[in-house]
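Q:
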Amino acid sequence: MNNFVNVILPIPLQQLFTYSITEAEKDFLEPGMRVAVPFGKSKIYTAIVAEVHQKEPTAYQAKDIFQILDERPIITKKQLKHWQWIANYYMCSLGEVLRSALPSTFLLESETQVIKNKEFTSESSLTDDEFLIIEALEHQEVLPIQKISAILDKKRVLPILNNLLKKKAIVLQEEIIEQYTPKLIKYIRLNERYIDQVALGELLEELSRANQQRNAVMTYFSLHGATKKPIKQKQLKEVSKVSPAVIKALVEKEVFEVYTIQTDRVNFQEATDSFKELSEFQEECYNDLNTSFEKNEVVLLHGITSSGKTEIYVKLIDQVLKQGKQVLYLVPEIALTTQLIDRLQKYFGNKIAVFHSKYSLNERVEVWNNVLNKSDKAQLILGARSSIFLPFSELGLIIVDEEHETSYKQFDPAPRYHARDAAIVLANLHKAKVLLGSATPSLESYYNAEQKKYGLVELNRRFGNVLLPEIELVDIKEGYRKKRMTKHFSERLMVLINEALDEKEQIILFQNRRGYSPIVECKSCGVSPQCPNCDVSLTYHKLRGELKCHYCGYHKPLPKICSACGNPSLDTKGFGTEQIELELQELFPNHKIGRMDLDTTRGKYGYHKIIEAFQSREIDILVGTQMLSKGLDFDNVSLVGVLNADNMLNFPDFRAHEKSFQMLLQVSGRAGRAKKRGKVAIQTFNPYHQILQQVTTNDYATMYKEQLYERHQYKYPPILRMVKITLKHRDYIKVTSGADWLYTSLYNTFGTNILGPTSPAISRIRNQHIKTILIKLPQDKSINLSKAVIQKIKNSFQSIPNYRPIRFNVDVDNY
DNA sequence: AGCACGCCGACT
DNA sequence: GTCGGCGTGCTC
603 MNNFVNVILP IPLQQLFTYS ITEAEKDFLE PGMRVAVPFG KSKIYTAIVA EVHQKEPTAY
663 QAKDIFQILD ERPIITKKQL KHWQWIANYY MCSLGEVLRS ALPSTFLLES ETQVIKNKEF
723 TSESSLTDDE FLIIEALEHQ EVLPIQKISA ILDKKRVLPI LNNLLKKKAI VLQEEIIEQY
783 TPKLIKYIRL NERYIDQVAL GELLEELSRA NQQRNAVMTY FSLHGATKKP IKQKQLKEVS
843 KVSPAVIKAL VEKEVFEVYT IQTDRVNFQE ATDSFKELSE FQEECYNDLN TSFEKNEVVL
903 LHGITSSGKT EIYVKLIDQV LKQGKQVLYL VPEIALTTQL IDRLQKYFGN KIAVFHSKYS
963 LNERVEVWNN VLNKSDKAQL ILGARSSIFL PFSELGLIIV DEEHETSYKQ FDPAPRYHAR
1023 DAAIVLANLH KAKVLLGSAT PSLESYYNAE QKKYGLVELN RRFGNVLLPE IELVDIKEGY
1083 RKKRMTKHFS ERLMVLINEA LDEKEQIILF QNRRGYSPIV ECKSCGVSPQ CPNCDVSLTY
1143 HKLRGELKCH YCGYHKPLPK ICSACGNPSL DTKGFGTEQI ELELQELFPN HKIGRMDLDT
1203 TRGKYGYHKI IEAFQSREID ILVGTQMLSK GLDFDNVSLV GVLNADNMLN FPDFRAHEKS
1263 FQMLLQVSGR AGRAKKRGKV AIQTFNPYHQ ILQQVTTNDY ATMYKEQLYE RHQYKYPPIL
1323 RMVKITLKHR DYIKVTSGAD WLYTSLYNTF GTNILGPTSP AISRIRNQHI KTILIKLPQD
1383 KSINLSKAVI QKIKNSFQSI PNYRPIRFNV DVDNY
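This is the structure in structure tokens:
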């Protein structure tokens, strides 16, 4: 009987691929294992086994697999089901899901290696390039193709290599490179023969003249006696203060032995704190949640900022861990949650594993393996959106914290999934519960709760009855008209800042734009420098004296004269965080100003440093973009200022109002903790805007009602679902005609439910012209059916030769 | 997606 | 004459 496997390859192709396997391989292979398979002319890829079967393909000859890479599945059956759901729902291939889901370390790829043929001698027959290669191979026997390319400084080296191959001068070989390197730590132990007291006495006697060596041995004993644990070489060196040579000498004398243990790169301490006593309201909320979970799979917890949601989560987590089940705690942006990690770590100690993209690949593999092995170290997983892809075996609870955050949605590349929604499906597969938590729930979740699809629990008290901050709107239209502004600060805001500084309290200022100023404009001719690759104005970054594009990374020095008219009359318009920071330094020279935005938080510990400096009160005023609004608690902040609320409100998106409300309330929540009532000042040109009014009264209910009414009126989610199609190409005419064609074909099925084609606000990025089409999925038809139609139209689109090179992205639930 | 193949214009 | 540009087709 012939045996075959269907495998998922990490490429964006819809189909699975079938390979032939031997009888022995059939007995060994299971879905979820990795195999290395030859693909195309020469490459070897890592694939995941999806199915083992006996159905021989008829249209082609299946190739043999190259190698089995695992002894047991590294992907669980539940994961494979979950992947399938994501691929179907978000209209992408399983291969794309695979690429996102698996740490890239697991995806070994072959690299072609060039090896010299030793029997080859007739070097005279070689061309110059060929000779260079052979010469390089004299020094180093094996060279990857890239190196060859570098040596010759040419891109196309394959023809040359083919000639060498013909002349039998070289051999090619595909090498698979294992990327994961376990971290090994050196330990020291005493040679067995000195366990005997007499032998030990003799040893010490023998070392009586070697003071340092004796010292090292004595230190070993005191360490060993104190901890009874294996002793690291490093530790011994540090405590005894001897040089490495001393230890080496003892090893050579066979007094000490060195051995290595593979360790995890990330280790947490044991738990140090016991759980906090819940307040009366928290306790009540906790009980409500448990009651709600009896009836609902998903419960939405709407708890105002500082209501102590985390403490309630902790109690729920503990309850689930005690049943021996795993808990996934999703957070929007893990790098911002060092405070949360610290807190959870105190309660759960080394049961926590953290998973996010700023971790190194090796660290991610370790977390993956720990989860797969159901290790004690990974009972509670704290992670960003991609942690829904970890190989859980027995998930009991998923917490989605700050459920409304947009960073749960992946926009590029595919799979364009929403981690909250994918988490609910994942929980379903595990029969686990989901808790969505937020102070400002997304309309869709609140709607689902209202429709009784989710349970709903509300928590309206701040912990310790701290009052909600007092929010005032400051009209800056007047201020500007009467020239009463101090740079970008209104009189009122200046008063509040001075008051807070006098009281030695800290201040957070929020401006949702980085750089110095978003537009540079010539006062003589009105021309402003644009990015050559994108359809945007360049942002001025004063510190670096540069004009920068925030979309493609293009940058150049600020020109002295206008490139259009030649006059030295360039001026800046609008302002970003950098300008605010500089203004503050001028206005408050005796206070320390900090800035937190994408530009200052690069690197693994970028955030950490700034947050710590602010927490330890080294910084008095912190200026930042929206990243300030996420999950940070500072106990000495009495004032939060929003410099301009209008650009958010006027953003051209159906969710602009909802998002503004959420962001403003979240930033406001940073004000006034423990001690006293905080103050929030929101500067705006339009203080009568209904959203701003709702923010001042913390009126979620009215905001929800009004926004939902509008969504009904204009048929937007959560009333309807949407799919967004994005077309991109370098040729403007090509995309435009493609978009028109697409509109016409979609019109037959969807009629007026299609919006577009439109050029987005930024219609060209990295020299790619963009067109978008929005499809509102009709309520009266099945969503799957509608998606099938879209898929069919996509296929026809791509079979038109002229449109084939146009990039075609489908984004389901593009919000 | 990646990669080979093949066809065409710009240079040693 | 070759190098390298990119359009086209295919991958079990």
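Numbering (my numbering), first residue to last: 603 to 1417. For glycine and all other residues, C-beta sits at the position ideal for the given N, C-alpha and C.
(1) Give every residue of the same chain whose Cβ lies closer than 7 Å to the Cβ of S1171, excluding the five residues on either side of it in the sequence, and list them in chain order.
(2) If we ignore side chains and look at the alpha-carbon of each, how far apart do N971 and E653 end up?
(3) Could you tell me which of I1073, G1196, R1323, E859 sits nearest to Q1108, measuring between CA atoms?
(4) Taking a contact to mean a Cβ-Cβ separation below 9 Å, would you say L739 touches V759 in this structure?
(5) Can you give me the C-alpha to C-alpha distance between R1313 and N1397, rounded to a whole angstrom?
(6) Please go through the same chain and pick out, in chain order, the residues whose beta-carbon is closer than 8 Å to the beta-carbon of K665, but skip the five residues on each side of it.
(7) Within the stretch 1177–1221, note down every full alpha helix (DSSP H) run reaching 4 residues or more, in order along the chain.
(8) Unbroken alpha helix (DSSP H) runs of length 4 or more, entirely within the stretch 1034–1082: which are they?
(9) Distance, Cα to Cα, I582 vs Y1153?
(10) At the level of alpha carbons, what is the spacing between P1403 and H1371?
(11) For L805 versus A818, is the C-beta spacing smaller than 9 Å?
(12) Would a C-beta distance cut-off of 9 Å place Q928 and K878 closer than the cut-off?
(13) For S1384, count neighbouring Cβ atoms within 10 angstroms of its own Cβ and tell me buried if that reaches 16, exposed if not.
(14) Are at least three pairs of beta-carbons, each pair with one atom in the stretch 866–882 and one in the stretch 1042–1055, less than 8 Å apart?
(15) In whole angstroms, what is the alpha-carbon distance linking I646 and I747?
(16) Would DSSP call P1403 helix, strand or coil?
(17) Tell me the start and end of each unbroken beta strand (DSSP E) in the stretch 617–680 that is at least 3 residues and wholly inside, in chain order.
(18) Return helix, strand or coil for T939, following the three-state DSSP convention.
(19) With respect to the beta strand (DSSP E) encompassing N1411, which residues constitute its N-terminal and C-terminal limits?
(20) Between I1247 and L1294, which are expected to be in contact by the criterion C-beta below 8 Å, what is the C-beta distance as a whole number of angstroms?
(21) Let's test the definition: count the other Cβ atoms within 10 Å of the Cβ of R791 and tell me whether it reaches 16, buried, or not, exposed.
(22) So for D1333, helix, strand or coil by DSSP?
(23) Tell me the DSSP secondary structure of D1003 in three-state form.
(24) Quick one: is P1071 buried, meaning 16 or more other Cβ sit within 10 Å of its Cβ, or exposed?
(25) Taking all protein chains shown into account, do 16 or more other C-beta atoms lie within 10 angstroms of the C-beta of Q1181, making it buried, or fewer, making it exposed?
(26) Have a look at E885 and L1038 and give me their C-alpha separation to the nearest angstrom.
(27) Flag R1272 as yes when its Cβ comes closer than 8 Å to any non-hydrogen atom of the ligand NAP, and as no otherwise.
(28) CB I610 to CB W685, shorter than 9 Å?
(29) Going by the beta-carbon positions, is the gap between E627 and N605 smaller than 9 Å?
(30) In chain order, what residues of the same chain have a beta carbon less than 8 Å from the beta carbon of I1392, not counting five sequence neighbours either side?
(31) Got a sec, what are the start and stop residues for the beta strand (DSSP E) A1303 sits in?
(32) Just confirm the distance between the C-beta atoms of K1194 and D1237, as a whole number of angstroms; I'd bet it's less than 8 Å.
(33) Considering Y915, what are the terminal residues of the alpha helix (DSSP H) in which it resides?
(34) Just reading off the beta strand (DSSP E) that N608 is part of, what are its end residues?
(35) Going by CA-CA distance only, name the one from F870, T874, R1063, D1023 that's closest to R899.
(36) Name the residue from P1159, G1155, L1140, S1139 whose alpha carbon lies nearest to the alpha carbon of E1148.
A: A quick look at the data gives this:
(1) C1124, K1125, S1126, C1164
(2) 23 Å
(3) G1196
(4) Not in contact: L739 and V759 (Cβ atoms no closer than 9 Å).
(5) 32 Å
(6) So the qualifying residues of the chain are Y621, S622, V639, P640.
(7) Taking only runs of at least 4 residues, the alpha helix (DSSP H) segments lying wholly in the stretch 1177–1221 are 1179–1189, 1208–1217.
(8) 1045–1052
(9) The structure shown does not extend to residue 582, since the chain is modelled only from 603 to 1417, so the question has no answer here.
(10) Taking the Cα positions, P1403 is about 19 Å away from H1371.
(11) no
(12) no
(13) exposed
(14) no
(15) 15 Å
(16) Look at P1403 here: in three-state DSSP terms it is helix.
(17) 619–623, 636–641, 645–655
(18) Three-state result, T939: helix.
(19) Here the beta strand (DSSP E) through N1411 covers 1409–1414.
(20) One point to set straight first is that residue 1247 is Ala, not Ile, in the sequence displayed. Sure, about 6 Å apart at Cβ, within 8 Å.
(21) exposed
(22) Coil.
(23) Residue state for D1003 is assigned as strand, using DSSP reduced to three classes.
(24) By the C-beta density criterion, P1071 is buried, having at least 16 other C-beta atoms within 10 angstroms.
(25) buried
(26) 18 Å
(27) What this structure holds is no ligand at all, so the ligand NAP is not there to describe.
(28) Against a cut-off of 9 Å, the Cβ pair of W685 and I610 comes out as a contact.
(29) In this structure, N605 lies closer than 9 Å to E627 by Cβ.
(30) M693, V1325, I1327, L1348, I1377, V1412
(31) No beta strand (DSSP E) holds A1303; the alpha helix (DSSP H) holding it covers 1302–1316.
(32) With a Cβ gap of about 18 Å, K1194 and D1237 do not count as contacting.
(33) 911–924
(34) 605–610 is the extent of the beta strand (DSSP E) around N608.
(35) Sequence inspection shows Glu at residue 899; the Arg mentioned does not correspond to that position. Of F870, T874, R1063, D1023, the residue nearest in Cα terms is D1023.
(36) P1159
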